[in-house]
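J.:
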Amino acid sequence: MAGFYDARGNIYRVVTPAALRGLGIALPGNAAQAARDRRLWAEQAIAALCDWAPGTRPPGAKAHRSDGLLVGPFQAQAPFDLLIVNTDGTLAERSGNGLTIFSQALADQGLLATQGPTLLQVHHDQATGASPLATVVEPAQVAGQQGFWLDLGQPAFGPEAVAAIGVEAVTLNGRELSRVAPLQALNPAWEHSQFVRIGNPHCVTLVEEADALPSNPQMLAAPLAQGLTATAFALPQGSGEPCPAGVNLQWALRESAQRIVARVFERGEGPTASSGTSASAVACAAWRVGWVKAGEVQVVMPGGTAPLMLQERDGVLTRVSLFGTALALAE
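Under the numbering used here, read the sequence shown as residues 1 to 331, first letter to last.
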């Protein structure tokens, strides 16, 4: 079974391990081994399931039909193991939209509990994060939309949280942030960045003016495409600076109380219409500099608006939860 799903403009293809092996791809029998051996099968899987068929790529479209591939489940009952494969063949530690899509695919197969929590476990080979990385999902309805709350746990802040090197400390609203020289070289307004880890690493650049938010077409074209790829992607596609394992990039602008506008450039993929963990990182960064308070926060991206819930205790952000919805697409 393999199908495309859309979560706020972020598109993933979902495939079961059996279906992938049926294509002649030598996927190991369990998720942990598949993650360790991903160089033996991941690029082949992306080519088979995410590439455009010859002559079918629309003008101006991205290089792949989807933003990645979700492989799983590896079990018939919870907890469910899966792999999140970026289109460059690398594995991601977490994807909010990807996990929303996977939850919807499980529900469509009758595997997800209709009430109460279900545990998803993402296996990966990134040296800077624990594997598997667990996320609890629960069916819910928000503003009349049926979807899932994803419990993403407690965020961590600062260069040490994402193993960033060679960054300079700067302040914004009395908080210590970072200046990432390669980003500011691309745009002088990109001088205040907050590193956030929510399972995977993020660099949120906080801007004061709307024209400092890059559009997706701008990020696909020179000179931003080359510069952002160098910063976001790990070696050999990128420079590994400031994060040797690569880092997801976001830009955030305070629109109004509890509402932030954002743009996203993902490690291993490039500009995307939306990203759940990126939206979560943006909300956390906005909270840290006083742009939003704990409680419900809206993050507005080109693909849609993500509702988030921030929980705070004694001045510490203790938990971030993301609400997501997904729809199956026609082939």
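Positions of the beta carbon are idealized from the N, C-alpha and C atoms, including for glycine.
Figure out for me which residue from ALA185, GLY89, PRO139 and GLY199 has the closest Cα to the Cα of GLN104.
T.: The candidate whose alpha carbon is nearest that of GLN104 is PRO139.
J.: Please go through the stretch 3–85 and give each complete beta strand (DSSP E) segment of 3 or more residues, from N-terminal end onward.
T.: Runs found: 10–15 and 68–71.
J.: Where do the ends of the beta strand (DSSP E) carrying TRP251 lie?
T.: It spans 248–256 - the beta strand (DSSP E) in which TRP251 sits, taken as one unbroken run.
J.: If I measure Cβ to Cβ from THR114 and keep anything under 7 angstroms in the same chain, skipping five residues before and after, which residues do I get?
T.: Around THR114: PRO139.
J.: Since SER178 sits in a beta bridge, which residues does DSSP pair it with?
T.: BP columns for SER178 point to ALA169 and SER193.
J.: According to DSSP, simplified to helix, strand and coil, what is SER274?
T.: Here SER274 sits in coil by DSSP.
J.: What is the rounded straight-line gap between the Cα of ARG254 and the Cα of VAL316?
T.: ARG254 and VAL316: Cα-Cα distance of roughly 21 angstroms.
J.: Kindly indicate which residue of VAL261, VAL180 and GLY268 has the alpha-carbon position closest to the one of GLN237.
T.: If we check each option's Cα against that of GLN237, GLY268 comes out closest.
J.: Is the number of C-beta pairs between the stretch 244–258 and the stretch 196–210 that are closer than 8 angstroms three or more?
T.: Contact holds: three or more Cβ-Cβ distances are below 8 angstroms.
J.: With which residues is GLN145 paired in a DSSP beta bridge?
T.: Note: GLN145 sits in a beta bridge opposite VAL142.
J.: Can you pull the DSSP bridge partners for MET301?
T.: The partner list for MET301 (beta bridge, DSSP) reads GLY304.
J.: With three or more C-beta pairs closer than 8 angstroms as the rule, is the stretch 139–154 touching the stretch 311–331?
T.: In short, these stretches touch, since the Cβ pair count reaches three.
J.: Which residues in the same chain have their Cβ closer than 8 angstroms to the Cβ of GLN77, if we skip the five residues on either side of it in sequence?
T.: Excluding positions up to five away in sequence, the list reads LEU111.
J.: To the nearest angstrom, report how far apart GLU331 and SER178 are at their CA atoms.
T.: About 44 angstroms.
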